Amino acid sequence: MKEGTTLSIVRDHDTKPTESRNTRLIAAALSSGAMFATEAAYSDTVEQTPNGAKRTVTWLMDGAAKLSFEPIEVAESITFDEFRKRYESLDWCEANANHPIAYLRAMNDQHNRLLDKVKTMRPMLLIRKGKRIAIVPSGSDEASKATRDQILSEF
Amino acid sequence: MRNRNDYLATAMIEPGERQIGGIKLRPFSYGSMQLAYLFKLSLFTGEGDTEQTDEEKQRQIVTFAWMQSAPIDEVVAAVHDGSAGNPRAQVFTRHHLRHDPRADGRDQPHRRNGFSLQRSGGKQISVQRGRRAGKVLNPGWLASAVYTIAKDTGWREEFIIWKLPMARALQYYHCSLQSANLWTLEPPTEESIQALAPDELIGLIDRMTDEDE
């Protein structure tokens, strides 16, 4: 993340990212030209609190990036079959990138890609100690455990 | 059971010299530890994990008793001239422990050579390597500790190295580090890591992941 980056934080608690409306929001925004604020724009953490485990999913978006929308040339009325033909044609969507149907298709594809990625990412463990915070791997496998122990031994 | 505070307090009142079997031994000091490294006394430095033979254990114990009781000048001279105490140690044992390591008549080259010093040739090579690699070269551990203590206390080098019992010197070294805002943290234990990252929470995350899939 560059210094001076304007952050827009999208966050929700105790909702699975695969079911979260925020994931759809991010997919829609990316399809409309929004950008992540950083390469590590997604975090999924679980923290032990007095009220039990708390899961927090956060997306960091570039708050300064502009999303531009251009109107389609003419208003039109189309049948379902025409809608389906356009929606299922990637070539048509790319050729008509400003058309609402292209946005819908892009959002759907983007959402699927996000879900595929999110499903491969195990939540991290967030640990607070005074004012310090550690985010460590939460896996039960040996490698994760070794990394976790190493970080926590210096925490 | 004694806790850390008990050990620290006991160390602070530990006497300097000790009389054992009619032999006056200097306190185990930083200098003793340095000699133990030079004489390869792994029983005292804790280096090496191989089981020692009885002969090797005997060599180390005899050498230790000699280096802690012979005049410091003599011990240091033995280090420098490479004879490093073996004949003297034998004299010491004959006179003081009534045991001659060569009494069985066998030639024991490993004993003769056991005290030979690792001269600085190897270290010089590593220094040159370090320069080429741009590594930071640190002073020896003893110089570092003595410098740190002397800087804060003004005590003489000889006193810190040879007369100050190591159990106390280590505490003063710790004080110096702490006064320079260098803190020593309690080593983590299985329990302390468990408290931060309990298995139940890891198990809960396992279940979350399963549900997500």
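Here the protein sequences line up with chains F and P, keeping their order.
Start counting the first sequence at 148; every next residue gets the next number (the working numbering).
Start counting the second sequence at 32; every next residue gets the next number (the working numbering).
For each residue, glycine too, the CB sits at the ideal point set by N, CA and C.
What you are looking at is a predicted structure, and each value in this text was computed from that prediction instead of being measured.
Inspect the beta-carbon positions of residue i and residue j and report whether they are closer than 9 Å.
{"i": "leucine 261 (chain F)", "j": "threonine 192 (chain F)", "result": "no"}
{"i": "alanine 181 (chain P)", "j": "glutamate 188 (chain P)", "result": "yes"}
{"i": "alanine 142 (chain F)", "j": "glycine 151 (chain F)", "result": "As shown, chain F starts at 148 and ends at 302. That puts residue 142 (chain F) outside it, with no answer to give."}
{"i": "lysine 213 (chain F)", "j": "glycine 180 (chain F)", "result": "yes"}
{"i": "threonine 203 (chain F)", "j": "aspartate 159 (chain F)", "result": "yes"}
{"i": "leucine 39 (chain P)", "j": "glutamine 209 (chain P)", "result": "no"}
{"i": "isoleucine 103 (chain P)", "j": "glycine 62 (chain P)", "result": "yes"}
{"i": "phenylalanine 302 (chain F)", "j": "lysine 278 (chain F)", "result": "no"}
{"i": "leucine 66 (chain P)", "j": "valine 110 (chain P)", "result": "yes"}
Where residue i and residue j are concerned, what is the direct C-alpha to C-alpha distance, given to the nearest angstrom?
{"i": "methionine 182 (chain F)", "j": "alanine 174 (chain F)", "result": "10 Å"}
{"i": "phenylalanine 95 (chain P)", "j": "tryptophan 186 (chain P)", "result": "26 Å"}
{"i": "threonine 41 (chain P)", "j": "valine 107 (chain P)", "result": "30 Å"}
{"i": "glutamate 235 (chain F)", "j": "arginine 252 (chain F)", "result": "8 Å"}
{"i": "glutamate 217 (chain P)", "j": "tryptophan 193 (chain P)", "result": "29 Å"}
{"i": "glutamine 99 (chain P)", "j": "serine 60 (chain P)", "result": "10 Å"}
{"i": "leucine 128 (chain P)", "j": "isoleucine 51 (chain P)", "result": "Only weak support is given to the placement of leucine 128 (chain P): the predicted model assigns it a pLDDT of 39, under 50, and the question is left unresolved by the model."}
{"i": "proline 170 (chain P)", "j": "lysine 292 (chain F)", "result": "35 Å"}
{"i": "serine 304 (chain F)", "j": "isoleucine 233 (chain P)", "result": "Residue 304 (chain F) is absent from the structure shown; chain F starts at 148 and stops at 302."}
{"i": "isoleucine 219 (chain F)", "j": "asparagine 245 (chain F)", "result": "6 Å"}
{"i": "valine 93 (chain P)", "j": "serine 207 (chain P)", "result": "35 Å"}
{"i": "asparagine 144 (chain P)", "j": "proline 196 (chain P)", "result": "Unreliable placement is indicated for asparagine 144 (chain P), whose pLDDT of 35 sits below 50; no coordinate value is reported for it."}
{"i": "tyrosine 250 (chain F)", "j": "isoleucine 298 (chain F)", "result": "44 Å"}
{"i": "leucine 177 (chain F)", "j": "isoleucine 156 (chain F)", "result": "14 Å"}
{"i": "phenylalanine 230 (chain F)", "j": "leucine 172 (chain F)", "result": "23 Å"}
{"i": "proline 247 (chain F)", "j": "proline 270 (chain F)", "result": "35 Å"}
{"i": "threonine 220 (chain P)", "j": "serine 285 (chain F)", "result": "18 Å"}
{"i": "glutamate 242 (chain P)", "j": "glutamate 289 (chain F)", "result": "22 Å"}
{"i": "aspartate 238 (chain F)", "j": "methionine 254 (chain F)", "result": "16 Å"}
{"i": "leucine 213 (chain P)", "j": "aspartate 183 (chain P)", "result": "14 Å"}
{"i": "glycine 152 (chain P)", "j": "threonine 84 (chain P)", "result": "The pLDDT assigned to glycine 152 (chain P) is 39, lower than 50, so where the model puts this residue is not dependable, and the model offers no usable value."}
{"i": "serine 300 (chain F)", "j": "alanine 226 (chain P)", "result": "12 Å"}
Could you tell me if residue i is buried or exposed, where buried requires 16 or more neighbouring beta carbons within 10 angstroms of its beta carbon?
{"i": "isoleucine 282 (chain F)", "result": "exposed"}
{"i": "arginine 90 (chain P)", "result": "buried"}
{"i": "threonine 179 (chain P)", "result": "buried"}
{"i": "isoleucine 44 (chain P)", "result": "exposed"}
{"i": "glutamine 257 (chain F)", "result": "buried"}
{"i": "isoleucine 280 (chain F)", "result": "exposed"}
Taking DSSP as the reference, what is the three-state secondary structure of residue i?
{"i": "isoleucine 44 (chain P)", "result": "coil"}
{"i": "arginine 35 (chain P)", "result": "helix"}
{"i": "histidine 246 (chain F)", "result": "coil"}
{"i": "histidine 127 (chain P)", "result": "Unreliable positioning characterises histidine 127 (chain P) in this predicted model, as indicated by a pLDDT of 40, which lies under 50. The coordinate reading is nonetheless provided below. The answer is helix: DSSP assigns histidine 127 (chain P) an H, G or I state."}
{"i": "valine 167 (chain P)", "result": "coil"}
{"i": "valine 106 (chain P)", "result": "helix"}
{"i": "valine 283 (chain F)", "result": "strand"}
{"i": "phenylalanine 230 (chain F)", "result": "helix"}
If residue i and residue j are in contact, beta carbons under 8 Å, what's the gap, nearest whole angstrom?
{"i": "isoleucine 274 (chain F)", "j": "alanine 228 (chain P)", "result": "7 Å"}
{"i": "glutamate 48 (chain P)", "j": "arginine 35 (chain P)", "result": "Going by Cβ atoms, the distance from glutamate 48 (chain P) to arginine 35 (chain P) rounds to 26 Å, so no, they are not a contact pair."}
{"i": "threonine 162 (chain F)", "j": "lysine 266 (chain F)", "result": "Not confirmed; about 15 Å, so no contact."}
{"i": "aspartate 296 (chain F)", "j": "isoleucine 224 (chain P)", "result": "6 Å"}
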